[in-house]
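Novice: Protein chains in written order, with our numbering: chain A, 20 to 759; chain B, 2 to 153.
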Amino acid sequence: MRLLSDTALAPNPAGGDDLSATRRGFVIGAVMASGALLVGCSPADIMGAGAPKRDFGAFGPFLKFAPDGQITVMNKHQEMGQGNHVGLLAMVAEELDADWSKVGVEASAADAKVYANSLMGIQGTGGSTAIANSWLQYRKVGAAARAMFVQAAAEAWKAPISEIHVKSGVVSHANGKSATFAELLPAAAKIVPPKDPTLKDPKDFTLIGTDRVKRKDSLAKSTGTARYTQDVRLPNMLTAVVAHSPRFGGKLKSFDATAARKVKGVVDVFAIPTGVAVVADGVYAARKGRDALVLTWDDSAAEARSSAELEATYRKIAAGEITPKDDQWTDFASKGEAKDSFEGPDVLHATYDFPYLAHAPMEPMNCVAQVDGSKCKLTYGAQGHSLDQLSAATVVFALPGSIEIETLFAGGSFGRRSSYDSDYVVEAVHVAKHVGGFRPVKLVWTREDDMGGGHYRPMAHHAVSVRVGKDGYPVAWRHRVVVQSFAKGTMLASMMVKKGVDGTTVEGVEGSPYLAATPVVDAKVYTPKSPITTLWWRSVGATHTAPVMEHTVDQLAHRAGIDPVAYRRELYNRAGAKRHLAVLDLATEKAGWGQPLAEGWTRGCAVHESFGSVVANVCEMKLIDGEPKVRRVVVAVDCGVAVTPDQIAAQMEGGACYGLSAALYGKVEIDKGAPVEKNFDSYRVLRHNEAPKVETHILPSANPPSGVGEPGTPVMMASLPNAILAATGKPVSKFPIVSA
Amino acid sequence: MGLSLSINGQIHTVEAEPDTPLLWVLRDELGMTGTKYGCGVAQCGACTVHLDGAAVRSCQTPISAVGAGKITTIEGLEGRHPLQAAWVAHDVPQCGYCQSGQIMSAAALLAQNPKPSDGDIDAAMSGNLCRCGAYQRIHAAILDAASAKTEA
Ligand code: FES
Ligand code: FES
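1. Express the C-alpha separation of Leu406 of chain A and Ser438 of chain A in angstroms, rounding to a whole number.
2. Would Arg73 of chain A be called buried (16 or more neighbouring beta carbons within 10 Å of its own) or exposed?
3. Taking Cβ-Cβ distances shorter than 7 Å, what residues in chain A pair up with Leu111 of chain B?
4. At which residues does the beta strand (DSSP E) containing Leu257 of chain A begin and terminate?
5. Just mark Ala668 of chain A as buried or exposed, buried being the case when its beta carbon has 16 or more other beta carbons within 10 Å.
6. How would you label Ala193 of chain A, buried or exposed, when you count the other beta carbons within 10 angstroms and need 16 or more for buried?
7. By Cβ distance below 6 Å, which residues in the same chain neighbour Pro94 of chain B in space, the five residues on each side in sequence not counted?
8. Does Val302 of chain A come within less than 7 Å of chain B when only Cβ atoms are used?
9. Quick one: Cα of Val704 of chain A to Cα of Ser680 of chain A, how far?
10. To the nearest angstrom, how far is the alpha carbon of Lys233 of chain A from that of Trp348 of chain A?
11. Counting C-beta neighbours from all protein chains within 10 Å, is the total for Leu511 of chain A 16 or more, i.e. buried, or is it exposed?
12. In chain order, which continuous runs of the alpha helix (DSSP H) of length 4 or greater are located wholly inside the stretch 580–660 of chain A?
13. Do Gly513 of chain A and Ser558 of chain A have their C-beta atoms closer together than 7 Å?
14. How about Val190 of chain A and Val111 of chain A: are their beta carbons less than 7 Å apart?
15. So who's on the other strand from Arg499 of chain A, going by DSSP bridges?
16. Is any beta-carbon of chain A found at less than 7 Å from that of Gln11 of chain B?
17. Can you pull the DSSP bridge partners for Cys386 of chain A?
18. List the residues of chain A whose Cβ lies closer than 7 Å to the Cβ of Glu16 of chain B, in chain order.
19. Under 6 Å from any heavy atom of ligand 2, does the C-beta of Gly100 of chain A make it?
20. So with Cβ pairs under 7 Å, would you call Ile8 of chain B a contact of chain A?
21. So the beta strand (DSSP E) His104 of chain A belongs to, where does it begin and stop?
22. Pull up the distance between the alpha-carbon of Cys638 of chain A and that of Asp657 of chain A, whole angstroms please.
23. Tell me whether Ile341 of chain A sits in a helix, a strand or coil according to DSSP, three-state version.
24. Return yes when the Cβ of Val415 of chain A is within less than 7 Å of the Cβ of Ser393 of chain A, no when it is not.
25. Any heavy atom of ligand 2 within a distance shorter than 6 Å of the CB on Gln137 of chain B?
26. Rounded to whole angstroms, how far is the Cβ of Val42 of chain B from the Cβ of Asp700 of chain A, which I believe are closer than 8 Å?
27. Is His368 of chain A buried or exposed, if buried means 16 or more other CB atoms sit within 10 Å of its CB?
28. Tell me the residue span of the alpha helix (DSSP H) that contains Ala296 of chain A.
29. What's the gap between the Cα of Val751 of chain A and the Cα of Thr413 of chain A?
30. What's the call for Gly294 of chain A, buried or exposed, on a 16-neighbour Cβ count within 10 Å?
31. Which residues end up in the neighbourhood of ligand 1 when you take C-beta atoms closer than 6 Å to any of its heavy atoms?
32. When the Cα atoms are used, what is the spatial distance from Val727 of chain A to Ala661 of chain A?
33. Is the beta carbon of Leu600 of chain A less than 7 Å from the beta carbon of Tyr591 of chain A?
34. Short of 9 Å Cβ to Cβ, which residues in the stretch 112–136 of chain B face chain A?
35. If you measure beta-carbon to beta-carbon, which residues of the stretch 52–71 of chain B are closer than 9 Å to chain A?
36. Closer than 8 Å is the cut-off here; do at least three beta carbon pairs connect the stretch 336–343 of chain A with the stretch 84–94 of chain B?
Below is the structure:
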């Protein structure tokens with residue numbers, strides 16, 4: 020077999036792409052790298068240890084040609100709605116000059132040595148990196164294969180390579196000879212792939228950046244035939260549900276399964292580390308069995324506080340009234356000397372409270388597991404492939420790479436399906452291990468399990484004081500953040516926590532152009548502890564930092580009597596924030612900023628950078644019966660080269676809805692350590708009749724692509740309070756905006 | 002025992018207990034997995050099917066309540082409904098998990114109101130959640146399918 024290792028078709032070309040690593044992706048890679056240094060090998064080596072030998076064929080691990088010329092691109096990422104499958108496909112098809120109607124995409128195997136995210140160093144999807152980390156890699160895959168067909172044709176036709184052309188899957192020569200990929204396949208497969216194939220100049224793209232790039236999964240997803248974890252049916256398969264502690268941090272003390280075992284269809288009931296598993300022949304029987312369990316929990320280490328108490332504690336910490344022993348205040352973006360007190364008429368004070376938020380993807384968490392000894396196979400909507408392999412491996416005592424994963428579509432995630440502790444995956448493996456014999460077990464979380472399962476966007480409190488100069492612009496900025504860290508104390512800590520600061524707790528305050536434009540900054544973060552688990556949630560730290568920074572700036576503009584857009588422009592000029600200026604100009608122009616609106620309607624504007632992209636959002640809002648109604652949203656985004664413009668628009672539309680939903684209604688209340696909202700009857704989310712019309716404008720750019728899955732969300736959470744301020748003159752200080 | 006159900010024009014005899022929601026009979030016993038579970042409490046619409054032409058939430062419909070009623074599921078549209086073409090033309094789905102339910106709600110609406118207004122669509126579709134936020138494309142695709150249907 021020919022070695023592909025030093026060719027462009029090799030897995031994971033060294034060096035990744037020439038773009039600035041988006042921070043979270045980078046951080047995760049660094050975490051693994053830091054562990055890897057101890058044993059002297061790469062993170063991918065560790066995560067891939069024990070992987071089976073794979074034979075990829077002539078075109079490498081990312082590309083397959085069927086004899087009829089049908090092309091399949093292997094997607095190393097999770098397609099959970101973001102449209103990366105079609106973006107990756109477009110990158111290959113563009114460089115290959117393939118016929119768009121003859122290309123398709125499949126989920127790759129889980130194997131960090133082959134399919135690592137080059138911004139993470141391990142396999143996984145997150146941080147809006149799927150397109151960004153693949154930008155050169157997938158294009159090279161297409162370009163190398165194209166070169167193989169060109170060379171095969173040149174040899175067959177005894178013509179110079181420079182005279183061979185490829186268009187839409189047909190290879191041709193000026194003298195009239197032509198052949199399809201299918202016809203040239205046997206000869207092309209024998210060519211050694213070039214090491215460094217020439218990539219197209221972006222101005223020659225005919226597919227990337229066009230509306231020809233349509234999703235390939237729309238039909239399957241409109242006919243009920245797309246396969247999700249919930250839909251897996253395997254011979255002899257069992258269904259499991261698990262009874263969990265109602266309180267965070269509670270442990271099982273004892274259980275009585277007598278009645279549960281009598282439920283028709285229940286096969287077995289047993290304890291696992293996270294609770295009591297009920298295994299049955301279907302979901303309904305398993306749930307009935309679980310309802311019949313008699314359970315007692317040990318709450319000695321459980322959270323006992325409620326939301327109001329937690330919020331009050333956070334406020335007192337921020338105000339310096341108390342300093343519990345959980346943590347200590349740590350500087351993160353301070354500069355200059357904050358000699359002045361933050362008192363007096365030229366100081367603006369603003370505080371903000373943010374609740375816990377559930378991700379609540381439409382498909383609750385679930386996973387099909389099969390275990391026999393240390394042999395383990397998982398079938399599900401995998402997002403954090405390598406982390407899940409590592410976690411599963413520790414349960415069955417195997418090498419991570421030996422854990423086989425079949426990746427299915429995921430019914431949404433928004434960050435939830437990839438977690439530092441692989442919670443629901445580990446649970447499925449424990450159940451399947453107990454069942455044994457490689458018998459498939461589908462672990463099903465009900466909506467209540469899913470929303471009650473923690474891993475929330477953490478509760479947060481910000482206290483901001485800004486002293487302004489005579490011109491009304493900031494001269495000194497004091498910022499206090501109190502928010503739980505999901506990195507501290509987990510496997511993410513070693514590299515995500517730098518100088519005592521978990522970057523995700525302050526990103527967006529740190530790096531803000533408003534702080535860059537302010538001479539003196541005194542910024543500190545404090546991370547309280549709780550058994551309530553938290554996690555990244557679509558746009559992570561920006562879910563609270565963007566509304567805080569943007570609403571504070573609007574309040575400053577309001578005080579100074581300056582138009583908030585003009586106020587931002589001045590600050591961006593002072594900070595040299597050119598990309599912010601550009602999207603601000605584009606969005607406000609398209610939105611008609613400053614032009615009159617119908618009675619009762621106001622506009623709000625916000626700009627925020629996250630995951631390498633800068634997004635501006637202008638919304639139109641009216642208070643109807645006391646509730647804000649947003650009807651129109653204009654978004655301008657700078658995300659580098661736009662690979663799939665219509666999917667970028669879809670992410671801006673969806674991101675706006677997701678952010679609006681959270682800002683208006685999103686909240687998981689804690690009652691003595693237990694979550695209150697556990698289904699959509701109490702966890703209110705945005706509905707069809709409440710959704711705005713979103714218009715997306717993409718800033719032309721020659722920079723490599725950056726993220727689009729997340730950055731549309733935080734600006735919506737920020738422009739809405741600004742529209743409310745414009746309407747009422749009163750700032751928003753508590754989220755969600757609509758209570759009860 | 003065994004209860005007879007008429008689904009997509011065929012009679013199926015099922016073994017499930019009479020209190021079992023239609024959703025689980027469709028998915029677990031009959032293997033018709035196009036109909037999805039999202040909440041189990043009639044709040045999300047992912048499980049929407051037609052019972053005698055009306056959109057119902059199958060998670061809250063025990064099979065004992067179906068009687069001789071005719072059930073249609075997403076599989077029963079056979080990919081030929083004008084809504085499905087409009088869904089593809091607009092690239093409506095993101096994760097896609099809610100879309101069977103969206104299409105079944107929209108199909109019931111169009112069957113009974115071939116030229117719905119924006120307000121009619123809002124009213125008929127507000128019981129179907131889409132966490133990916135594909136609402137504006139869903140709305141546009143329904144309007145498109147409605148005009149395609151009336152032109153045809
Ligand atoms: S599953 Fe039936 S409405 Fe949600
Ligand atoms: S497309 Fe994902 S929930 Fe609607």
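The beta-carbon is built from N, C-alpha and C at its ideal position, and this holds for glycine as well. Here the structure is a predicted model, which is why all the values come from computation and not from measurement.
Specialist: Well, looking at it:
1. Looking up residue 438 of chain A in the first sequence gives position 419. Looking up residue 406 of chain A in the first sequence gives position 387. Whole-angstrom Cα-Cα distance: 8 Å.
2. Translated into the one-based positions of the first sequence, residue 73 of chain A becomes position 54. Arg73 of chain A is exposed by the Cβ-count criterion.
3. Within the second sequence, the letter at position 110 stands for residue 111 of chain B. Per Cβ cutoff of 7 Å: no residues; Leu111 of chain B is ~15 Å from chain A at best.
4. Here residue 257 of chain A refers to the residue found at position 238 of the first sequence. Looking at the DSSP string, the run of the beta strand (DSSP E) that includes Leu257 of chain A is 257–262.
5. The residue given as residue 668 of chain A occupies position 649 in the first sequence. Buried is the call here.
6. Looking up residue 193 of chain A in the first sequence gives position 174. Residue burial annotation: Ala193 of chain A is exposed, with fewer than 16 other C-beta atoms found within 10 angstroms of its C-beta.
7. Counting from one through the second sequence, the residue named residue 94 of chain B turns up at place 93. Closer than 6 Å at Cβ, skipping near neighbours: Gln100.
8. On the first sequence, residue 302 of chain A is found 283 positions in, with the first residue counted as 1. It does: the Cβ of Val302 of chain A has a partner Cβ on chain B nearer than 7 Å.
9. Indexing the first sequence from 1 puts residue 704 of chain A at position 685. Indexing the first sequence from 1 puts residue 680 of chain A at position 661. Rounded to the nearest angstrom, the two C-alpha atoms are 5 Å apart.
10. Here residue 233 of chain A corresponds to residue number 214 of the first sequence, with the count starting at 1. Here residue 348 of chain A corresponds to residue number 329 of the first sequence, with the count starting at 1. Roughly 49 Å between the two C-alpha positions.
11. Here residue 511 of chain A refers to the residue found at position 492 of the first sequence. Buried, since its Cβ has 16 or more Cβ neighbours within 10 Å.
12. Counting only runs of 4 or more, we get 583–594, 597–610.
13. Taking the first sequence and counting its residues from 1, one reaches residue 513 of chain A at position 494. Taking the first sequence and counting its residues from 1, one reaches residue 558 of chain A at position 539. The identity of residue 513 of chain A in the sequence shown is Ser, whereas the question assumes Gly. Taking 7 Å as the Cβ cut-off, Ser513 of chain A and Ser558 of chain A do not qualify as a contacting pair.
14. Here the question's residue 190 of chain A lines up with position 171 in the first sequence. Here the question's residue 111 of chain A lines up with position 92 in the first sequence. In this structure, Val111 of chain A does not lie closer than 7 Å to Val190 of chain A by Cβ.
15. Counted from its first residue, the first sequence places residue 499 of chain A at position 480. Under DSSP, Arg499 of chain A takes part in a beta bridge, and its partners are A:Ala482, A:Lys543.
16. The count along the second sequence starts at 1 and reaches residue 11 of chain B at position 10. Output row for Gln11 of chain B: interface = no.
17. As a first step, residue 386 of chain A is located in the first sequence; it is residue number 367 there, counting from the start. Per DSSP, A:Leu462.
18. As a first step, residue 16 of chain B must be located in the second sequence, where it is residue number 15. Within chain A, no residue comes near Glu16 of chain B; the closest Cβ sits about 10 Å away, beyond 7 Å.
19. Taking the first residue of the first sequence as position 1, residue 100 of chain A is located at position 81. Because some heavy atom of ligand 2 lies under 6 Å away, the Cβ of Gly100 of chain A counts as near it: yes.
20. Sequence index remark: in the second sequence, residue 8 of chain B carries index 7 (1-based). By this cut-off, Ile8 of chain B is not an interface position.
21. As a working note, residue 104 of chain A is residue 85 in the first sequence. From DSSP, His104 of chain A is part of no beta strand (DSSP E) but of the alpha helix (DSSP H) over 103–115.
22. Sequence index remark: in the first sequence, residue 638 of chain A carries index 619 (1-based). Sequence index remark: in the first sequence, residue 657 of chain A carries index 638 (1-based). Rounded to the nearest angstrom, the two C-alpha atoms are 18 Å apart.
23. If you number the first sequence from 1, residue 341 of chain A lands on position 322. In the structure shown, Ile341 of chain A sits in coil (DSSP, three-state: anything other than H, G, I, E or B).
24. Taking the first residue of the first sequence as position 1, residue 393 of chain A is located at position 374. Taking the first residue of the first sequence as position 1, residue 415 of chain A is located at position 396. Val415 of chain A sits close to Ser393 of chain A, with the two beta carbons spaced by under 7 Å.
25. Here residue 137 of chain B is taken as the residue at index 136 of the second sequence, counted from 1. Relative to the non-hydrogen atoms of ligand 2, the Cβ of Gln137 of chain B never comes closer than 6 Å to any of them.
26. To locate residue 42 of chain B, count along the second sequence from 1; it is residue 41. To locate residue 700 of chain A, count along the first sequence from 1; it is residue 681. In this structure Val42 of chain B is in contact with Asp700 of chain A, their Cβ atoms being roughly 6 Å apart against a cut-off of 8 Å.
27. Numbered from 1 along the first sequence, position 349 holds the residue referred to as residue 368 of chain A. Exposed.
28. Here residue 296 of chain A refers to the residue found at position 277 when the first sequence is read from its first residue. No alpha helix (DSSP H) contains Ala296 of chain A, which is instead part of the beta strand (DSSP E) from 294–299.
29. One-based indexing of the first sequence puts residue 751 of chain A at position 732. One-based indexing of the first sequence puts residue 413 of chain A at position 394. The alpha-carbon atoms of Val751 of chain A and Thr413 of chain A are separated by roughly 46 Å.
30. Mapped onto the first sequence, residue 294 of chain A falls at position 275. Buried, by the Cβ-count rule.
31. Selection output, chain order preserved: B:Tyr38, B:Gly39, B:Cys40, B:Gly41, B:Ala43, B:Gln44, B:Cys45, B:Gly46, B:Ala47, B:Cys48, B:Arg58, B:Cys60.
32. Mapped onto the first sequence, residue 727 of chain A falls at position 708. Mapped onto the first sequence, residue 661 of chain A falls at position 642. Rounded to whole angstroms, Val727 of chain A to Ala661 of chain A spans 10 Å at the Cα level.
33. Walking along the first sequence from the start, residue 600 of chain A turns up at place 581. Walking along the first sequence from the start, residue 591 of chain A turns up at place 572. Tyr591 of chain A is positioned such that its CB atom lies closer than 7 Å to that of Leu600 of chain A.
34. Under the 9 Å Cβ criterion, the stretch 112–136 of chain B contributes Gly120, Ile122, Asp123, Ala124, Ala125, Met126, Ser127, Gly128, Asn129, Leu130, Cys131, Arg132, Cys133, Gly134, Ala135, Tyr136.
35. Hits within the stretch: zero.
36. The count of Cβ pairs closer than 8 Å, one atom from the stretch 336–343 of chain A and one from the stretch 84–94 of chain B, stays below three, leaving the stretches out of contact.
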